[in-house]
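Visitor: First residue of the sequence shown? That's 1 in my numbering, and the numbers climb one at a time after it.
A virtual CB, placed ideally from N, CA and C, is assigned to each residue, including glycine.
All values reported here derive from a predicted model rather than from experimental measurement.
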Amino acid sequence: MTATATSPGQGAAPGVPHLDFDPFSIEFFADPFATHEELREAGPVVYLDTYGVYGVARYAEVHAVLNDPLTFCSSRGVGLSDFAKEKPWRPQSIILEADPPAHTRTRAVLGQVLSATAMKPLRSHFAARAEAKADELLARGSFDAITDLAEAYPLSVFPDALGLQQEGREHLLPYASLVFNSFGPPNRLRQEAIERSAPHQAYVAEQCRRENLVPGGFGACIHARADAGDITHDEAPLLVRSLLSAGLDTTVYGIGATVYCLARFPDQLAKLRSDPTLARNAFEEAVRFESPVQTFFRTTTREVELGGHSIGEGEKILMFLGAANRDPRRWENPDRYDITRRTAGHVGFGSGIHMCVGQLVARLEGEVMLSALARRVGSIEITGEVKRRYNNTLRGLESLPITITPA
Ligand code: QZP
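Written out as structure tokens, the structure reads:
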């Protein structure tokens, strides 16, 4: 791949380096790191000819775009598709795909439903489930860290916390996978996911209704906020849908990333074992290091200067969160997984007004699961073929066979 400064051909501002690789190809997903460096080195802003969009991969520009939500808007979609030109594949999210002032109200509601105060009564139950899972896995010794741990643990706590019925939960991971593939271009990953989406969409739509949500859960709390007049009764199911879209697969990938890091970097596992209170930061550092959410887009609402270039209105900008999280301009030894690192400022949960509203749930799950393992496990060994899972937005594994020994 070469970066060349050419005249604006497909709408790029003059002087912006053009790159011709496909950021949604399997080859890139398999090993994005060399290309991330090329992206950062090419300039503060690049133009991606494959899709006719701008890209930012340095920390400073990714952070700047995330923190100017009126110029770099979300209401035209955070995928490649521009909702001003194309109909969304599902009714638009009223929090993710919204700008202030509309966003402010829905964000306030979910922010309160998922607040620190709301986490307090969940902690002991989430921790007990994590300890039971750790005991079970230690007894087995050998297992798949993706299905048996990274998927199994969130599935054992999050759907109940949301207040979902037992029936139909097998739709949850396929639905989330569909949502994250949908942010990409109309490639095979996206098109096949959407073709097969009807049963998953039907399940989710049904579970978002008030009568199908167990009292006391996040879902029922959202509906109660409609009674209070903070949102309308039509909006409540759509906010429940946001939790079903973004609340499960993300933590699966975050926990999977942490276990994969600890399996590859035994010195960091040793540190964690000697001080299990590092569990929360070990999880956070894995979110920086692997960046389970690799990319999403914004759309410009006006002509704007970014990285010394003038960008026109209505342009899509692809933000490479994973590249920003390893930008040597921002991070010391960015390619080192270091559980004692000061991780504050990483953009693995985004930044600014849209920063992950569920981050406290994610961190709670990550902390208690990793802490339970840290207090029991002596070693983690990768004992089989590591298989990658491919998705237009998420970076993670399909299979991670490991053997763990007791402390
Ligand atoms: C997905 C929604 C990383 C984000 C793009 C994850 C995400 C957040 C919200 C929603 C979906 O509101 O449906």
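From E131 to A246, what distance separates their C-alpha atoms?
Guide: Each residue's alpha carbon lies about 25 Å from the other.
Visitor: Distance, Cα to Cα, H346 vs A374?
Guide: Answer to the nearest angstrom: the Cα atoms are 24 Å apart.
Visitor: Can you check whether the CB of H309 is closer than 8 Å to the CB of V62?
Guide: Taking 8 Å as the Cβ cut-off, V62 and H309 do not qualify as a contacting pair.
Visitor: Give me the Cβ distance between P32 and G322, rounded to the nearest whole Å; I'm assuming they're in contact under 8 Å.
Guide: Yes, P32 and G322 are in contact; Cβ-Cβ is about 7 Å, under 8 Å.
Visitor: Is R196 near the ligand QZP, going by C-beta to nearest heavy atom under 7 Å?
Guide: No - the ligand QZP has no heavy atom lying nearer than 7 Å to the Cβ of R196.
Visitor: R241: beta carbon under 7 Å from a heavy atom of the ligand QZP?
Guide: R241: yes, Cβ under 7 Å from the ligand QZP.
Visitor: Going by other Cβ atoms of all chains shown within 10 Å of its Cβ, with 16 needed for buried, is E290 buried or exposed?
Guide: The residue in question, E290, is buried, as its Cβ has 16 or more Cβ neighbours within 10 Å.
Visitor: Nearest to E305 by alpha carbon, out of S74, Y54, V240?
Guide: Cα-wise, what sits closest to E305 is Y54.
Visitor: Under the three-state reduction of DSSP, which class applies to E41: helix, strand or coil?
Guide: DSSP places E41 in helix when its eight states are reduced to three.
Visitor: For H18, which of helix, strand or coil comes out of DSSP?
Guide: Residue state, collapsed to three classes: strand.
Visitor: Compute every distance between the C-beta of I95 and the non-hydrogen atoms of the ligand QZP, then say whether any falls below 7 Å.
Guide: Yes, since a heavy atom of the ligand QZP falls inside the 7 Å radius drawn around the Cβ of I95.
Visitor: Does DSSP classify G168 as helix, strand or coil?
Guide: It is coil, neither helix nor strand.
Visitor: Would you list the residues sitting across from V469 in a DSSP beta bridge?
Guide: Nothing about residue 469 can be reported from this structure: the residues present for the chain run from 1 to 407 only.
Visitor: Can you give me the start and stop residues for the beta strand (DSSP E) that S194 sits inside?
Guide: It should be noted that the sequence gives Ile, not Ser, for residue 194. Element bounds for I194: not the beta strand (DSSP E) but the alpha helix (DSSP H), 188-195.
Visitor: If you draw a straight line from the alpha carbon of R363 to that of K87, how long is it in whole angstroms?
Guide: Whole-angstrom Cα-Cα distance: 34 Å.
Visitor: Taking the CB atoms as reference points, tell me whether R298 and I317 lie closer together than 8 Å.
Guide: Closer than 8 Å, so yes.
Visitor: According to DSSP, which residues form a beta bridge with K316?
Guide: Its beta-bridge partners are T299.
Visitor: CB F180 to CB T50, shorter than 8 Å?
Guide: Contact: no.
Visitor: So F296 and G79 are supposed to be a Cβ contact under 8 Å. How far apart are they, rounded?
Guide: Their Cβ separation, rounded to whole angstroms, is 7 Å, which keeps F296 and G79 in contact under 8 Å.
Visitor: Under the three-state reduction of DSSP, which class applies to T403: helix, strand or coil?
Guide: In this structure, T403 counts as strand in the three-state DSSP scheme.
Visitor: Compute the distance between the beta-carbons of H223 and A236, then report whether it is under 8 Å.
Guide: In this structure, A236 lies closer than 8 Å to H223 by Cβ.
Visitor: Secondary structure at K120, three-state DSSP: helix, strand or coil?
Guide: Helix.
Visitor: Let me confirm a value: M355 is counted as buried when at least 16 other C-beta atoms fall within 10 Å, else exposed. Which label applies?
Guide: With fewer than 16 Cβ atoms within 10 Å of its Cβ, M355 is classed as exposed.
Visitor: Report the three-state DSSP secondary structure of C208 (helix, strand or coil).
Guide: Coil at C208, not helix or strand.
Visitor: 8 Å is my cut-off, CB to CB: does A257 come that close to chain C?
Guide: Annotation note: the requested chain C is absent from the structure, which comprises a single protein chain.
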